[in-house]
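Written below as structure tokens is the structure these notes are about.
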């Protein structure tokens, strides 16, 4: 239970730090925040290899999705873009941090794919709206952005939950807790 709570707190604090840093000239420091959160996660996992695979899968998905959004002009980042219309590294790195929640604080979504889809379809756009309010992203057309983000996050987050179930580095901890409670 303590690890789930720490996972939730580290993700939330990390998200806020990375977005605030992404809204300015110190965007590159966001990578250090993500590295710290992911490192703690892997160091505390009973199976860091499974969790590392999940993080890498999430990074790959984020790399493709975030670049599609920026290249299509749906989202615009004021800082951190290394080249042309590509997504900044800090927003892609946040996918690694999100992956750390899938088998801990968001474990309750395992096997609940419709709920995961709704969670992603609502949570994804809300996170981007919060990022906009903090100055890290803008939308040329907010309604279009919210619709695209909602549809994309509904599908992608459900897929991430499935990947989390397949690459679960914390399964032994949860199995042992369930046995102890019985």
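Residue numbers (our numbering): 1197 to 1378. In this text, a Cβ means the ideal position worked out from N, Cα and C, and glycines have one as well.
Closest in alpha carbon position to residue 1261, among 1246, 1355 and 1367, is 1355. In terms of Cβ geometry, residue 1258 and residue 1291 form a close pair [threshold 8 angstroms]. Sorting 1205, 1242, 1352 and 1266 by C-alpha distance to the C-alpha of residue 1318 places 1352 at the top. If you ignore the 5 residues before and after residue 1296, its C-beta comes within less than 8 angstroms of the C-beta of 1203, 1206, 1207, 1233, 1234, 1237, 1247 and 1251, all in its own chain and listed in chain order. Fully contained in the stretch 1261-1288 is no alpha helix (DSSP H) run of length 4 or more. Under the three-state reduction of DSSP output, residue 1334 falls in the strand class. Residue nearest to residue 1269 within the set 1321, 1312, 1293 and 1333 is 1333 (criterion: CA-CA distance). For residue 1294, the closest of 1239, 1279 and 1357 by C-alpha to C-alpha distance is 1357. Take the alpha-carbon of residue 1283 and the one of residue 1304: they are about 31 angstroms apart. Rounded to the nearest whole angstrom, the CA to CA distance from residue 1311 to residue 1361 is 15 angstroms.
With respect to the 8 angstroms criterion, residue 1289 and residue 1350 are not classified as neighbours on the basis of their beta carbons.
Assignment of residue 1221 by DSSP, reduced to helix, strand and coil, places it in the coil class. Per DSSP, reduced to three states, the secondary structure at residue 1306 is coil, with no helix or strand assignment. Distances from the alpha-carbon of residue 1315 to those of 1286, 1348, 1242 and 1256 put 1348 closest.
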